[in-house]
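Worksheet: one structure, shown below.
Protein chains: 2
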Amino acid sequence: MLPDFNRLKVFYHVYTLNSVVAAANELCLSQPAVSQQLQKLEAELKVPLFTRLHKKLVPTAAGEQLFKLVEPFVDKLQDEISHIRQPQDRPAGLLRIGAPREFGTEYLPRFCHIFRQLYPEVMFRLKFKEAIPLLTMVKEGGLDYALVDVYFKAGELPGFPDIFSIDPVLKEEMILVCSQPYYQQEIAGDHSFKNLLHKEFITDEDDPSILTLWFKHHFRKSPDNLNIVMTLDSHEALISALKLGMGLGVATAHLVWDEIQRGEIVPIATTQPNMVNMISLVQLQDKVPTLTEKTFRNFMTAKMQQTEILKRFQCAEP
Amino acid sequence: MLPDFNRLKVFYHVYTLNSVVAAANELCLSQPAVSQQLQKLEAELKVPLFTRLHKKLVPTAAGEQLFKLVEPFVDKLQDEISHIRQPQDRPAGLLRIGAPREFGTEYLPRFCHIFRQLYPEVMFRLKFKEAIPLLTMVKEGGLDYALVDVYFKAGELPGFPDIFSIDPVLKEEMILVCSQPYYQQEIAGDHSFKNLLHKEFITDEDDPSILTLWFKHHFRKSPDNLNIVMTLDSHEALISALKLGMGLGVATAHLVWDEIQRGEIVPIATTQPNMVNMISLVQLQDKVPTLTEKTFRNFMTAKMQQTEILKRFQCAEP
DNA sequence: AGTATAGGATCATTTAAACTTATGCTTCCA
DNA sequence: TGGAAGCATAAGTTTAAATGATCCTATACT
Numbered sequence: 057m058l059p060d061f062n063r064l065k066v067f068y069h070v071y072t073l074n075s076v077v078a079a080a081n082e083l084c085l086s087q088p089a090v091s092q093q094l095q096k097l098e099a100e101l102k103v104p105l106f107t108r109l110h111k112k113l114v115p116t117a118a119g120e121q122l123f124k125l126v127e128p129f130v131d132k133l134q135d136e137i138s139h140i141r142q143p144q145d146r147p148a149g150l151l152r153i154g155a156p157r158e159f160g161t162e163y164l165p166r167f168c169h170i171f172r173q174l175y176p177e178v179m180f181r182l183k184f185k186e187a188i189p190l191l192t193m194v195k196e197g198g199l200d201y202a203l204v205d206v207y208f209k210a211g212e213l214p215g216f217p218d219i220f221s222i223d224p225v226l227k228e229e230m231i232l233v234c235s236q237p238y239y240q241q242e243i244a245g246d247h248s249f250k251n252l253l254h255k256e257f258i259t260d261e262d263d264p265s266i267l268t269l270w271f272k273h274h275f276r277k278s279p280d281n282l283n284i285v286m287t288l289d290s291h292e293a294l295i296s297a298l299k300l301g302m303g304l305g306v307a308t309a310h311l312v313w314d315e316i317q318r319g320e321i322v323p324i325a326t327t328q329p330n331m332v333n334m335i336s337l338v339q340l341q342d343k344v345p346t347l348t349e350k351t352f353r354n355f356m357t358a359k360m361q362q363t364e365i366l367k368r369f370q371c372a373e374p
Numbered sequence: 057m058l059p060d061f062n063r064l065k066v067f068y069h070v071y072t073l074n075s076v077v078a079a080a081n082e083l084c085l086s087q088p089a090v091s092q093q094l095q096k097l098e099a100e101l102k103v104p105l106f107t108r109l110h111k112k113l114v115p116t117a118a119g120e121q122l123f124k125l126v127e128p129f130v131d132k133l134q135d136e137i138s139h140i141r142q143p144q145d146r147p148a149g150l151l152r153i154g155a156p157r158e159f160g161t162e163y164l165p166r167f168c169h170i171f172r173q174l175y176p177e178v179m180f181r182l183k184f185k186e187a188i189p190l191l192t193m194v195k196e197g198g199l200d201y202a203l204v205d206v207y208f209k210a211g212e213l214p215g216f217p218d219i220f221s222i223d224p225v226l227k228e229e230m231i232l233v234c235s236q237p238y239y240q241q242e243i244a245g246d247h248s249f250k251n252l253l254h255k256e257f258i259t260d261e262d263d264p265s266i267l268t269l270w271f272k273h274h275f276r277k278s279p280d281n282l283n284i285v286m287t288l289d290s291h292e293a294l295i296s297a298l299k300l301g302m303g304l305g306v307a308t309a310h311l312v313w314d315e316i317q318r319g320e321i322v323p324i325a326t327t328q329p330n331m332v333n334m335i336s337l338v339q340l341q342d343k344v345p346t347l348t349e350k351t352f353r354n355f356m357t358a359k360m361q362q363t364e365i366l367k368r369f370q371c372a373e374p
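Quick look at the structure:
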């Protein structure tokens with residue numbers, strides 16, 4: 057059905073150079089090799105592509121048509137193959153990374169920007185989604201790796217066979233917070249189970265059980281029914297609502313770092329250490345990591361250990 | 057520089073089918089053959105294109121990129137290769153023909169239309185130009201063949217080495233004509249050299265010597281200086297001027313056939329047979345004619361011998 | 001005219017690669 | 001638990017591509 061592709065390559069060079077010898081030089085072949093390949097292509101297509109004119113080769117109608125087909129491809133290939141072809145000595149090429157929306161918008165682009173200043177040949181494609189869609193994309197090859205809030209160990213992910221390698225990269229601290237005025241009025245230093253239990257609560261729709269978990273973690277007791285005055289499906293909106301003083305809510309510590317520093321938002325600590333949520337790097341177990349992938353992974357984890365960011369992630373340590 | 061093209065073909069099939077065995081079947085190869093070619097491509101590009109996941113192959117970023125490069129080409133090739141690939145049993149493909157404007161506009165499209173009803177796989181590209189540009193295009197491969205008013209024999213064309221084969225296909229009769237009123241007033245049956253010599257003349261700018269040639273042909277004498285009242289560079293305009301009664305002019309017989317039939321235009325004959333101009337089919341001597349080319353050539357010459365057209369070309373026979 | 005040169009075709013030979021068969025490994029599924 | 005399915009690997013064979021030598025023809029050179 058389809059002709060031999062290498063012969064198309066030979067044809068392309070002969071056509072552009074209008075010469076068999078020149079094409080042979082360009083292709084690092086002998087003249088007879090090119091001559092024969094061309095003839096075989098003509099035999100395959102059952103149509104002459106050139107009329108042999110004593111000294112020159114003159115393309116026929118079929119030759120002209122074929123060239124118009126082949127030319128854009130070869131040109132494009134010549135342009136873009138270097139972006140795909142990987143150098144072994146330095147990171148290059150496309151990196152496709154998934155992350156939770158909050159983490160992705162806040163930190164990832166910064167990492168990418170700095171990384172690109174070191175290795176300008178690296179390109180990024182970031183996807184921000186929930187855990188399950190991200191894992192699916194990794195599984196199907198749409199992502200090189202994903203940063204996911206995972207509470208599971210490798211092999212325990214429901215719906216996925218044991219195909220992932222899961223490496224924790226960062227602890228997110230989940231803290232109960234409220235606005236400064238709300239704190240003064242409603243809490244005023246009393247962090248007891250009894251006191252907190254009957255306040256107003258705001259929570260994220262995606263993970264409504266987080267409040268229960270927080271109480272369990274800090275007091276080893278589950279509250280019966282909390283007074284949830286609002287549910288939202290965006291972490292930003294949740295923080296806004298908390299700042300307005302609508303009540304108490306569990307927030308990711310590093311995302312309210314600034315507000316806590318300014319005293320706008322007050323964390324409610326207990327004698328227990330903070331509740332933590334692991335952000336893990338998930339990738340296909342069998343995937344041989346590219347130099348680029350490895351370098352960025354290391355870069356990212358290094359950046360995360362950096363004082364400034366780490367501080368934010370541990371800001372609310374009692 | 058560029059990778060092995062056949063491996064790209066293998067890659068294309070593996071990617072689309074997401075399976076080495078399936079690709080092997082489609083390519084009529086064994087499974088290890090495909091497996092090896094894929095590995096060699098990866099080695100060439102120094103980048104893994106798939107992560108081998110137990111049962112499945114999952115494309116990497118590089119694989120995805122490469123596929124985006126290769127896919128449109130293979131798809132286009134699959135679509136269009138059949139238009140280039142020539143069947144041996146029936147005419148098909150593109151035919152690029154050149155002709156003089158007058159002949160080309162008047163007859164060629166008709167021929168093409170009828171021919172396409174017989175062989176719908178044939179496409180045409182017609183070019184209407186003067187003799188020299190047409191010959192140049194044939195020489196450089198822009199045309200498969202050209203119909204040209206040629207006064208030369210093969211090998212005698214100035215500026216061209218002996219690369220053409222020239223076959224006369226049609227005699228155009230060149231006749232001296234004028235409008236019916238002009239004829240009655242100025243000629244009135246007197247077709248003698250002496251009488252004609254001092255009339256008004258109109259001629260084509262491209263070939264001003266045609267009048268001299270006409271006199272030479274019919275009376276074996278060249279006129280000294282004719283009273284040329286207008287020169288034009290379009291045959292249509294020349295005929296218009298003649299019809300208006302501006303004087304005498306040499307026209308191509310078949311192009312004024314209708315006007316002569318209607319008595320609008322009167323041919324001026326002598327005892328000599330009409331002066332003829334050969335329309336020849338010119339092509340590269342060494343070009344092996346395609347089935348399509350041969351078929352259309354035969355078709356065209358047959359059509360030209362057909363009563364209706366032939367009559368026009370010989371309408372003014374004395 | 002005679003010779004040199006350049007571009008391409010052809011042929012026989014060598015060489016390289018692509019393909020095949022056989023086999024092994026691992027996962028998936030009944 | 002024992003196939004079946006999917007891919008990788010290894011070794012051997014076959015095919016086809018590349019080469020070097022030679023030939024052919026037209027053009028350029030003198």
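For the record, the sequence lines run as chains A and B. Per the working numbering, the first sequence runs over residues 57 to 374. Per the working numbering, the second sequence runs over residues 57 to 374. The C-beta atom is built at its ideal place from N, Cα and C for all residues, glycine as well. From a predicted model like this one, the values you see are computed outputs, not experimental measurements.
So the candidates are the options; which of them puts its Cα closest to the Cα of residue i?
{"i": "residue 173 of chain B", "options": "B/355, B/97, B/152", "result": "B/355"}
{"i": "residue 231 of chain A", "options": "A/251, A/198, A/200, A/268", "result": "A/268"}
{"i": "residue 361 of chain A", "options": "A/344, A/83, A/226, A/65", "result": "A/226"}
{"i": "residue 316 of chain A", "options": "A/110, A/145, A/239", "result": "A/239"}
{"i": "residue 275 of chain A", "options": "A/151, A/324, A/303", "result": "A/324"}
{"i": "residue 224 of chain B", "options": "B/109, B/358, B/337, B/353", "result": "B/337"}
{"i": "residue 331 of chain B", "options": "B/59, B/272, B/359, B/344", "result": "B/272"}
{"i": "residue 252 of chain A", "options": "A/86, A/326, A/68", "result": "A/326"}
{"i": "residue 125 of chain A", "options": "A/61, A/218, A/328", "result": "A/61"}
{"i": "residue 305 of chain B", "options": "B/258, B/148, B/342", "result": "B/258"}
{"i": "residue 263 of chain A", "options": "A/205, A/164, A/122", "result": "A/205"}
{"i": "residue 92 of chain B", "options": "B/266, B/178, B/64", "result": "B/64"}
Residue i touches chain A at which residues, Cβ-Cβ below 7 Å?
{"i": "residue 132 of chain B", "result": "125"}
{"i": "residue 129 of chain B", "result": "129"}
{"i": "residue 152 of chain B", "result": "117"}
With C-beta atoms as the reference, is residue i less than 9 Å away from residue j?
{"i": "residue 113 of chain A", "j": "residue 70 of chain A", "result": "yes"}
{"i": "residue 228 of chain A", "j": "residue 308 of chain A", "result": "yes"}
{"i": "residue 182 of chain A", "j": "residue 153 of chain A", "result": "yes"}
{"i": "residue 310 of chain A", "j": "residue 186 of chain A", "result": "no"}
{"i": "residue 146 of chain A", "j": "residue 347 of chain A", "result": "yes"}
{"i": "residue 101 of chain B", "j": "residue 140 of chain A", "result": "yes"}
{"i": "residue 127 of chain A", "j": "residue 197 of chain B", "result": "no"}
{"i": "residue 118 of chain B", "j": "residue 150 of chain A", "result": "yes"}
{"i": "residue 58 of chain B", "j": "residue 133 of chain A", "result": "yes"}
{"i": "residue 129 of chain A", "j": "residue 157 of chain A", "result": "no"}
{"i": "residue 312 of chain A", "j": "residue 233 of chain A", "result": "yes"}
{"i": "residue 256 of chain B", "j": "residue 289 of chain B", "result": "no"}
Going along chain B in order, which residues have a C-beta closer than 8 Å to the C-beta of residue i?
{"i": "residue 103 of chain A", "result": "140, 141, 142, 149, 346"}
{"i": "residue 107 of chain A", "result": "197, 340, 342, 343, 344"}
{"i": "residue 200 of chain A", "result": "116, 117"}
By the criterion of Cβ-Cβ separation under 7 Å, what are the contact partners of residue i in chain B?
{"i": "residue 60 of chain A", "result": "62"}
{"i": "residue 136 of chain A", "result": "125"}
Label residue i either buried or exposed according to how many other C-beta atoms from any shown protein chain fall within 10 Å of its C-beta, with 16 as the threshold for buried.
{"i": "residue 84 of chain B", "result": "exposed"}
{"i": "residue 291 of chain B", "result": "buried"}
{"i": "residue 281 of chain A", "result": "exposed"}
{"i": "residue 283 of chain B", "result": "exposed"}
{"i": "residue 335 of chain B", "result": "buried"}
{"i": "residue 142 of chain B", "result": "buried"}
Strictly below 9 Å CB to CB, what residues from chain B border residue i?
{"i": "residue 263 of chain A", "result": "In chain order: nothing, as chain B lies at least about 29 Å away."}
{"i": "residue 222 of chain A", "result": "Neighbours of residue 222 of chain A on chain B: none; closest Cβ ~16 Å, over 9 Å."}
In chain A, what lies closer than 9 Å to residue i by C-beta?
{"i": "residue 219 of chain B", "result": "109, 110"}
Problem set entry | Residues of the stretch 332–348 of chain B whose Cβ lies closer than 8 Å to any Cβ of chain A, in chain order | Listed in sequence order: 340, 342, 343, 344, 346.
Problem set entry | Residues of the stretch 109–121 of chain B whose Cβ lies closer than 8 Å to any Cβ of chain A, in chain order | Against chain A - using a Cβ distance shorter than 8 Å - the residues of the stretch 109–121 of chain B are 109, 110, 114, 115, 116, 117, 118, 119, 120, 121.
Exercise. What are the residues of the stretch 154–185 of chain A that lie near chain B, defined by any Cβ-Cβ distance shorter than 7 Å?
Worked result: The residues in question: there are none.
Exercise. Taking Cβ-Cβ distances below 8 Å as the criterion, which residues of the stretch 252–278 of chain B are in contact with chain A?
Worked result: For the stretch 252–278 of chain B, there are no residues whose beta carbon sits under 8 Å from a beta carbon of chain A.
Exercise. What are the residues of the stretch 64–85 of chain B that lie near chain A, defined by any Cβ-Cβ distance shorter than 9 Å?
Worked result: Residues are counted here when their Cβ sits less than 9 Å from a Cβ of chain A; for the stretch 64–85 of chain B these are 64, 65, given in chain order.
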